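There are 2 protein chains.
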Amino acid sequence: MPSFKGEYEHSVDNKGRVAFPAKLRKALSAEAQESFTLLRGLEPCLYLYPLDEWERVEERLSQVNSFSRKGRTVKRNFLRSAEDLTLDKQNRLSLPAHLMQLSGIRDTAIFIGSGELIEVWSPEKLEEADENLSRDDYEELFEMVLGGNEHGD
Amino acid sequence: MPSFKGEYEHSVDNKGRVAFPAKLRKALSAEAQESFTLLRGLEPCLYLYPLDEWERVEERLSQVNSFSRKGRTVKRNFLRSAEDLTLDKQNRLSLPAHLMQLSGIRDTAIFIGSGELIEVWSPEKLEEADENLSRDDYEELFEMVLGGNEHGD
DNA sequence: CACTATCTCCCACTTCTGCCCACAATGTAC
DNA sequence: GTACATTGTGGGCAGAAGTGGGAGATAGTG
């Protein structure tokens with residue numbers, strides 16, 4: 423399973439192209455090579471899934487019941503913004519206009535590796551999100567990940 | 423399991439490279455050889471994990487649910503600052519600019535072996551941390567952690 | 001059948017990263 | 001003390017990564 427990490431800032435040119443960070447490229451599994459699905463995230467950012475991970479998401483989605491109102495609403499709204507992308511020969515992604523609009527990305531995009539997916543943020547929105555995260559929150563999440571090694575849980 | 427100890431001060435050159443202390447290198451397990459993950463620590467310092475220890479951290483992270491808001495916040499903010507590093511042929515690490523910035527490291531880095539991970543400090547921040555810890559506090563901590571196991575006191 | 005908008009690819013350029021070599025400083029054995 | 005090995009430090013260089021523009025292909029529209 424790929425595990426993306428790190429934060430990388432790249433400029434977006436006037437054609438909507440961004441370089442895909444080299445270090446994240448190295449974390450891609452062979453099957454996923456070059457193919458992604460990009461969609462609107464829950465936070466004001468975009469989610470970028472490599473092909474293999476996206477298949478797992480679709481797997482989950484296929485279990486959603488289409489005959490319930492909630493099920494249909496979830497599927498429709500989750501998938502409607504999604505687009506398949508591939509890297510060009512210079513390892514760039516070209517961001518669809520409507521997704522740039524949704525996420526507020528204009529001339530700079532920030533990639534954040536977040537385990538099995540990559541988040542793509544505009545600098546402004548990311549800064550806002552940071553301001554809402556207190557020092558206590560940070561300590562708490564550290565403990566969640568690193569804490570409790572000694573007591574078998 | 424590797425167990426790092428000791429304190430080592432090294433200079434950082436103008437390319438952001440630091441020698442990895444020879445004695446710590448000897449404490450690395452064979453599998454971890456040369457590969458590390460470096461990330462922001464809770465104190466104003468960096469945490470350096472050898473590959474094998476980092477895998478245990480990832481194991482924990484993979485159990486965090488990405489479909490919940492909290493889960494994503496944890497992953498994003500924890501992994502954000504993390505980067506994989508390897509030693510160059512001269513046994514040096516080259517510190518990413520944003521991590522030097524975060525930790526206040528400029529031309530000197532201090533490595534502190536701390537069990538399964540290594541902390542990396544700037545001299546200034548480390549001194550501050552020392553000043554905030556009085557001798558009494560230290561004794562108290564010491565007893566809290568180590569006291570009362572074997573010898574009833 | 002043009003005309004236009006969009007998308008890729010290709011090329012050129014700049015910046016940066018990692019690799020190699022060299023040398024100084026330190027430690028160790030004889 | 002001398003010789004040798006290891007460690008720490010600095011600089012140069014080649015290749016990779018990131019950035020931008022232009023040209024040809026493709027598809028949609030009137």
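Line by line, the protein sequences are chains A and B. For the first sequence, the tail end lands on 575 under the working numbering, and the numbers increase by one without skipping. For the second sequence, the tail end lands on 575 under the working numbering, and the numbers increase by one without skipping. C-beta atoms are modelled at their ideal positions from N, C-alpha and C, and glycine is treated no differently. Only a predicted model underlies this, so the values are computations on that prediction, with no experimental measurement involved.
Determine the burial state of residue i: buried for a count of at least 16 other Cβ atoms within 10 Å of its Cβ, exposed for fewer.
{"i": "Asn499(A)", "result": "exposed"}
{"i": "Ser503(B)", "result": "buried"}
{"i": "Tyr560(B)", "result": "exposed"}
{"i": "Leu501(B)", "result": "buried"}
{"i": "Ser425(B)", "result": "exposed"}
{"i": "Gly537(A)", "result": "buried"}
{"i": "Lys492(A)", "result": "exposed"}
Closest Cβ-Cβ distance between residue i and chain B: below 8 angstroms?
{"i": "Val567(A)", "result": "yes"}
{"i": "Gly577(A)", "result": "With chain A covering 423 to 575 only, the question about residue 577(A) has no answer from this structure."}
{"i": "Phe564(A)", "result": "yes"}
{"i": "Ser425(A)", "result": "yes"}
{"i": "Gly526(A)", "result": "no"}
{"i": "Glu561(A)", "result": "yes"}
{"i": "Gly438(A)", "result": "no"}
{"i": "Glu429(A)", "result": "yes"}
{"i": "Leu450(A)", "result": "no"}
{"i": "Leu555(A)", "result": "yes"}
Cβ of residue i less than 8 angstroms from any chain A Cβ?
{"i": "Ala504(B)", "result": "yes"}
{"i": "Met522(B)", "result": "no"}
{"i": "Ser484(B)", "result": "yes"}
Can you give the Cα-Cα distance for residue i and residue j, rounded to whole angstroms?
{"i": "Phe564(A)", "j": "Ser556(B)", "result": "25 angstroms"}
{"i": "Arg456(B)", "j": "Arg514(B)", "result": "Checking the displayed sequence, the identity of residue 456(B) turns out to be Glu instead of Arg. C-alpha separation (whole angstroms): 10 angstroms."}
{"i": "Asp474(A)", "j": "Gly535(B)", "result": "38 angstroms"}
{"i": "Pro443(A)", "j": "Ala519(A)", "result": "20 angstroms"}
{"i": "Trp476(B)", "j": "Asp558(B)", "result": "34 angstroms"}
{"i": "Arg462(B)", "j": "Glu541(A)", "result": "19 angstroms"}
{"i": "Lys577(B)", "j": "Glu429(B)", "result": "Here chain B covers residues 423 to 575 and nothing more, so residue 577(B) does not appear."}
{"i": "Arg494(A)", "j": "Phe458(A)", "result": "24 angstroms"}
{"i": "Glu480(B)", "j": "Val496(B)", "result": "13 angstroms"}
{"i": "Trp543(B)", "j": "Ala441(B)", "result": "14 angstroms"}
{"i": "Ser484(B)", "j": "Arg439(B)", "result": "31 angstroms"}
{"i": "Ser488(B)", "j": "Leu568(A)", "result": "17 angstroms"}
{"i": "Asn554(B)", "j": "Lys511(A)", "result": "54 angstroms"}
Can you tell me whether residue i sits near the ligand ADP, meaning its C-beta is under 7 angstroms from at least one heavy atom of the ligand?
{"i": "Glu465(A)", "result": "Only the bare structure without any ligand can be found here, which leaves the ligand ADP out of the picture."}
Contact residues within the region 489-500 of chain B, judged by C-beta distance below 9 angstroms to chain A: Phe489, Arg491, Lys492, Arg494, Thr495, Val496, Lys497, Arg498, Asn499, Phe500
For the region 456-482 of chain B, which residues have a CB atom closer than 7 angstroms to at least one CB atom of chain A, in sequence order? Leu464, Val479, Glu480, Arg482
Decide yes or no for the touch test of the region 435-453 of chain A against the region 461-469 of chain A: beta carbon pairs closer than 8 angstroms, at least 3 of them. no
Would you check if there are 3 or more beta carbon pairs closer than 8 angstroms linking the region 424-438 of chain B to the region 522-536 of chain B? yes
Give, in chain order, every residue of the region 540-551 of chain A whose Cβ lies closer than 8 angstroms to some Cβ of chain B. Glu541
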